Each structure stands twice: as C-alpha cells, then as structure tokens.
Amino acid sequence: MALLRSVVLAGGGTGGHIYPLLAFADALRRHFPEVRITTLGSPKGMENDLIPPAGYDLRVIPAFQLPRAINLNLLRTPDRMYKSAHAAGLIVDEVKADVVVGFGGYVSVPAYLAAWRRELPIVIHEVNVPPGVANRMGMRFTKNVAVGFPSQPQAVESLRDARVVGVPLRTAITRMDRAALRPRALQHFGLRPDLPVLFVSGGSSGARSINLAVAGAAKAITHAGVQVLHVQGGRNDPFEVPGDLPVPYVVVPYLSDMELGYAAADLMLCRGGAITVAETTALGMPAVYVPYPHSNQEQKRNALPVVESGGGLLVDDGEMSPEWVERTIVPLAVDPARLASMGAAAAGYGRRDGDEALLDFVCEAVAASR
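Going by my numbering, the sequence shown opens with residue 757, and the numbers climb by one from there.
Laid out in structure tokens, this is it:
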C-alpha cells in the first residue's frame, strides 16, 4: 500500500453518501493510524449530525444543488461553484492532501474541482444506477471510479471501466456472526427463540406504505406464528397495532444498532436503498424489497439484481397492502427451506470487504500519481 498521510473525503446530504464515507474512514484509520482524515460537508446535510460524533474532522463549505433545467439558478452556478471550489481548495492546501475521495452529494463537486486544479488524484465511489449528478460531473476529471455492485458496469456505459469494490460498511455489520448474536438480539427485543421473526424497516425515515400494510396484517402474521420487529422510522407517524396478538409484535421508533435487528430476523421487509441492499446481501439476509417510488427508480435498480439471483422478492410500493402481506409475506416467513435458499443466493451477490477493497484502489491511485 502507498503511504497515505492526508486524505480528504467528500460526501454528504444523505445517509447513502455518508455511511460509506464513515466506514471507509474507519478502514483508513485501521491501516494508517497516523493519517490525517478531513471530511467536507455542507451546512445543512446529515453529515453534521453523523460525522463529528464519529470522531472525524468535518469542514463545512458552501454547496449548491446543480440545476437540471435552464433557469436563474443555472446562471448563478459558475459563480457559486467558484466560491465552493475555492473554499474546498483552501482546505485541501491546508491539510496537504494526498488524494480526494468522493462519495457523492453536491459537496463532492467543489472537492473534485479543487483536486483537479491541483493535479491531485481523485477517486470516486458510486453506488447508484444511474450515477448521481455530482459523481457524473466528477467522472470528467478522473478515471479512478469505483462502484458498489457488479451490476453497475453492465447497466451504465460511463461505468464500464469502473472497479467493483463493494460498498464500505460498518464493521458491526461486516464482522457480524448472525447466529452467535441472535440469542442476545431476541432477548433485547423480547422475542421468542422458537418462532420466525419478520424484520420491518423503511430506513431511518421510515416508509408509511410499509408501516400501514404490515400493521394492517398484524393479526394474520402473528396468528401464523410469525413475530414482528417493526422499526417505525424517525419521520413517520405512529401506527396502530392490535393489542391482543398471540405472539410478539414489537414496534421501535428508531433502531441505531441495526445489527441487532438483522441478527433477530429470519426475513426482512425493506426499501431498496444502496446501503440496505449492501447490508442485507453481505449478511445473506432474505429480503422483500419495496423500492421508494418517488425517484428515478434507482432503488428498484439496486434490488433487482439481488432478486434475479434468487436472493429476494421485489414489489412496487403501490401494491403494498395488508392483503398482499398476508398472501405473500406470511407463507414465505414460515418456509425455512425457501428462506435458506434465498439467504444463500443473497450472500452470493453481496460482499463484506468494500472498505478494504476501496482502500486498495485508493492506494493504487495515489501510487500511480507519484
């Protein structure tokens, strides 16, 4: 590995950019204990809540949404981008960065520009199909592009030469032994060890369509002998669950230790965000994916290769209903042979070494630039 003395990491706005950044920062620190790690973020992004508590230096710079249409914002873009890139450049110079590694989000663009002007190596990590606007712009300045999933180079022409490294994930996930952790997880949530568990999560914000469909089918699910661990989500309203159910139906507002949920689960019902797909496949977790509908369908594209490999099911958000859950989820949750087959297929698609593989790629890029 090339010696890394100072690394600038850029990514923000959503958890899909920030969580891989943090997992990669942890890998950097493990291999290069003396390395200086500086992260770039925007004033209002989630990074302000997530990065400083993780122990990393967060520098806030101006970041602006890149316009997708001809309007007044388009006319303002060059001036705004100059100011953002100048702010990023001052930080890059101050910390004497060896490389800039970007994970997407609008704050990545000024970091890419600053590095390009200084002829510093740039490494881009992308998890979505199609790539985000910021990373698409960054690809004009570097050939060092890494992706999270093997399906991405096949789906997008601009990613044909990208290195498939996987998605950097927390060591709590990558080093997890589900079977060993399961007894403690079940006890933590008050679940029985003799019955299957359906783990429901619409992500950190939650998914109202999923919440209402599963809660509406609570009687059918639990009368079939299936327990439920249901994460409501931080931005979703509470929902009503019948109180006279025969087996546990546990609702938690938010779950920061997702590894406990995974350990307790036999089947997961979830969205199709890149991090969720990366975690479920890394753990060999059979899952039913309900992609977020109000987007460019990247969540569907994330989950579809897993489903095609036999590792899960895919259902449109509009089809979610208590009847669908009763008709499809319940028979699956009580079929251990089918769950085992799906889990093995998911594990065959996933990988746990995304942080290490990306670090190798970054070191190669730095070595080639010297």
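In this text, a Cβ means the ideal position worked out from N, Cα and C, and glycines have one as well. All of these numbers come straight from a predicted model, not from anything done at the bench.
Same chain only: Cβ atoms within 7 Å of residue i, ignoring 5 sequence neighbours per side
i: A971; result: F995, E996 and V997
i: G771; result: M802, S960 and I1031
i: A928; result: E1015
i: M1098; result: P1042, G1066, G1067 and G1068
i: P1002; result: T978 and H979
i: R1132; result: Given that the chain is displayed from residue 757 to residue 1126, the structure contains no residue 1132 and the question cannot be resolved.
i: D1109; result: G922
i: A1100; result: G1040
i: Q1055; result: R1027, G1028, G1029, P1047 and Y1048
i: I966; result: V956, G958, L1025, V1046 and M1076
i: T930; result: A1038 and R1108
i: V1086; result: A976, I977, A980 and V982
i: R991; result: S961 and G962
i: K839; result: P818
i: F945; result: L985, V1006 and A1020
Beta carbon of residue i nearer than 7 Å to that of residue j
i: V921; j: L1114; result: yes
i: I1132; j: A853; result: Look at the range of the chain in this structure, 757 to 1126, and you will see that residue 1132 is not part of it.
i: M895; j: A969; result: no
i: L985; j: G1017; result: yes
i: I878; j: Y862; result: no
i: A1020; j: L947; result: yes
i: Q943; j: G962; result: no
i: G860; j: N891; result: yes
i: V848; j: M893; result: no
i: V856; j: A841; result: no
i: E1082; j: A976; result: yes
i: G769; j: L777; result: no
i: T1037; j: A1102; result: yes
i: R1057; j: V885; result: yes
Close Cβ partners of residue i (< 6 Å) along its chain, the five nearest in sequence each way excluded
i: P1061; result: S907
i: I807; result: T795 and L814
i: V982; result: P952, L954 and A1089
i: A935; result: none
i: D1111; result: A779, F780, A783 and P924
i: E875; result: none
i: M932; result: E1015
i: G1157; result: Because residue 1157 is not part of the residues shown, which for the chain are 757 to 1126, the question remains open.
i: R919; result: A902 and F1117
i: D1073; result: S965, V1046 and P1049
i: Y775; result: I1031
i: I880; result: G858, N891, G894 and V901
i: T898; result: I878
i: A1121; result: P877, V879 and N900
Assigned secondary structure, residue i (DSSP; H/G/I helix, E/B strand, else coil)
i: I878; result: strand
i: N868; result: In the sequence under discussion, the amino acid at residue 868 is Tyr, which differs from the Asn named in the question. Note: Y868 maps to helix in three-state DSSP.
i: Q1053; result: coil
i: L830; result: Low confidence applies here, because L830 scores a pLDDT of 42, under 50, leaving its location unreliable; read the following figure in that light. Three-state DSSP puts L830 in a helix.
i: D1091; result: coil
i: A918; result: coil
i: A825; result: Interpretation of A825 is limited by its pLDDT of 48, a score under 50 that renders its predicted location unreliable; no figure is taken from the coordinates.
i: R1108; result: coil
i: L1016; result: helix
i: V1086; result: helix
i: V1033; result: helix
i: N804; result: helix
i: D849; result: helix
i: L1001; result: coil
Neighbourhood of residue i by C-beta distance below 8 Å, restricted to the same chain and skipping five residues each side
i: V1071; result: V1044, Y1045, V1046, W1080 and T1084
i: Q1053; result: P1047
i: V1063; result: Y1045, L1069 and L1070
i: L831; result: Confidence in L831 is poor, its pLDDT being 43 and thus under 50, which makes the residue's placement unreliable; the coordinate value appears in the next sentence. Closer than 8 Å at Cβ, skipping near neighbours: no residue.
i: V851; result: S762, V764, R792 and T794
i: R873; result: A841 and G845
i: G1104; result: S1065 and G1067
i: E790; result: R761
DSSP bridge partner residues for residue i (one or two, in chain order)
i: G1068; result: A1043
i: C1026; result: S957 and Y1045
i: G858; result: A766 and I880
i: L925; result: Answer by DSSP bridge pairing: none, since L925 is not bridged.
i: I793; result: V763
i: L985; result: F955 and V1006
i: R815; result: L796
i: A980; result: Answer is none; A980 lacks a bridge partner.
i: V901; result: I880
Test: residue i CB closer than 7 Å to a CB of chain C
i: D950; result: The chain labelled as chain C is not found in the depicted structure, where only one protein chain is given.
Meets three-Cβ-pair contact criterion under 8 Å: the region 944-958 and the region 802-817: no
Per the contact definition of three or more C-beta pairs closer than 8 Å, is the region 1004-1014 in contact with the region 897-914? no
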